[in-house]
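As structure tokens, the structure follows; a few thoughts come after it.
Protein chains: 2
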Amino acid sequence: MSQPVTPPPELFAGLRFDAEGLIPAVAQQHDTGEVLMLAWMNREAVAETLATGRVCYFSRSRGALWRKGETSGQVQRLIELRVDCDGDALLLLVDQTGVACHTGRRSCFFRAVREGELVEIAAPLVDPAALYGSG
Amino acid sequence: MSQPVTPPPELFAGLRFDAEGLIPAVAQQHDTGEVLMLAWMNREAVAETLATGRVCYFSRSRGALWRKGETSGQVQRLIELRVDCDGDALLLLVDQTGVACHTGRRSCFFRAVREGELVEIAAPLVDPAALYGSG
Chain A
0 MSQPVTPPPE LFAGLRFDAE GLIPAVAQQH DTGEVLMLAW MNREAVAETL
50 ATGRVCYFSR SRGALWRKGE TSGQVQRLIE LRVDCDGDAL LLLVDQTGVA
100 CHTGRRSCFF RAVREGELVE IAAPLVDPAA LYGSG
Chain B
0 MSQPVTPPPE LFAGLRFDAE GLIPAVAQQH DTGEVLMLAW MNREAVAETL
50 ATGRVCYFSR SRGALWRKGE TSGQVQRLIE LRVDCDGDAL LLLVDQTGVA
100 CHTGRRSCFF RAVREGELVE IAAPLVDPAA LYGSG
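For the protein sequence lines, the chains are A and B, in the order given.
Per numbering that gives the first Met the number 0, residue 0 is the first one in the first sequence, and the count goes up by one each step.
Per numbering that gives the first Met the number 0, residue 0 is the first one in the second sequence, and the count goes up by one each step.
Here's what the structure looks like:
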């Protein structure tokens with residue numbers, strides 16, 4: 000899917016949003032397979048993402064739509080939206096511009112348990128101050 | 000990480016479980032990069048997974064620990080547990096035996112929006128009745 004689309008009716012019929020009206024969405028870089036982040040979408044975010052082809056989440060901290068990259072420029076172009084068996088999780092195949100993580104790392108999953116310790120396995124590629132304006 | 004480990008203290012200190020004591024966990028096949036499923040873990044499931052090297056989730060429908068593959072034999076061996084920037088999502092690199100999905104498909108994300116329709120993009124590899132006993 001590379002053309003903007005209207006959400007198919009059977010999509011929303013089969014999605015199970017939680018008590019807050021949200022569903023978890025995993026963003027994966029479409030060509031490398033790298034899992035970039037997990038965020039949340041409400042019905043409006045799903046519809047906007049499909050309509051525009053640019054990924055829009057719902058920010059739980061801000062209580063508002065979160066058009067990924069609106070401030071930082073690190074947008075996610077939607078390649079394909081997938082739904083799991085129970086309809087309670089989404090997988091977004093995306094093309095990530097720059098970095099997904101607000102820390103300046105490509106992926107938000109940059110810490111791992113290795114040899115009994117929680118260690119950083121990826122360094123920032125970009126200075127966060129450059130993404131969000133100087134602090 | 001291929002050896003069983005005791006959870007590092009700084010792991011639990013940095014994890015943010017939700018109001019039900021749960022955190023979403025994405026399982027990804029470690030070598031192919033395929034995203035297999037999204038499920039939930041509580042503190043005990045995280046600790047057991049790290050201690051045993053076999054992935055254990057928390058079943059929200061059953062309200063109990065869910066040792067993946069206990070009934071079906073389709074176990075997930077933990078390769079590495081990763082934590083995201085906010086500590087509110089986990090990425091599990093796993094080695095999946097057989098299929099991850101209870102429908103007999105490799106991945107739970109077997110439906111996609113394509114050309115404005117929600118379509119199945121993967122067929123079952125195994126008869127679910129063979130996984131869970133005949134119906």
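Just so you know, even glycine gets a beta-carbon here, dropped at the ideal spot from N, CA and C.
Item	Value
Given A/L92 as reference, the closest of A/L14, A/V118 and A/V82 once Cα atoms are compared	A/V82
Short CB-CB distance (under 9 Å) between B/V112 and chain A	yes
Buried or exposed (CB count within 10 angstroms, at least 16 for buried), B/A44	buried
Anticipated Cβ contact below 8 Å, B/T102 with B/P127, distance rounded	6 Å
Same chain only: Cβ atoms within 6 Å of A/E47, ignoring 5 sequence neighbours per side	C55
A/L124 versus A/F109 - alpha carbon distance	12 Å
Inter-stretch contact (C-beta, 8 Å, three-pair minimum) for the region 5 to 15 of chain B and the region 12 to 28 of chain A	no
Beta carbon proximity, A/G32 to chain B, threshold 9 Å	yes
Through-space distance from A/P6 to B/A38, alpha-carbon basis	25 Å
B/Y56 beta carbon near the ligand SAH (any heavy atom closer than 8 Å)	Of ligands this structure carries none, so the ligand SAH is not represented either.
Min CB distance B/R105 to chain A below 9 Å	no
Cα-Cα separation, A/L80 to A/A129	30 Å
B/G62, buried or exposed, once every other Cβ within 10 Å from all chains shown has been counted against 16	exposed
Cβ shell of A/D87 (< 7 Å), same chain only, five flanking positions each side left out	R15 and I22
Opening and closing residue of the beta strand (DSSP E) in which B/P127 lies	Here B/P127 belongs to no beta strand (DSSP E); instead the alpha helix (DSSP H) covers P127 to Y131.
C-alpha distance - B/R105 paired with A/T70, whole-angstrom precision	37 Å
Status (buried if at least 16 other CB within 10 Å, exposed otherwise) for A/A18	exposed
Local Cβ density within 10 Å of B/V98, reported as buried at 16 or more and exposed below that	buried
Under the three-state DSSP convention, the category B/P7 falls into	coil
Close Cβ partners of B/V74 (< 7 Å) along its chain, the five nearest in sequence each way excluded	R53, K67, G68 and T96
B/R42, enclosing alpha helix (DSSP H) - first and last residue	R42 to T51
A/T102: contacting residues in chain B (beta-carbon distance under 8 Å)	C84
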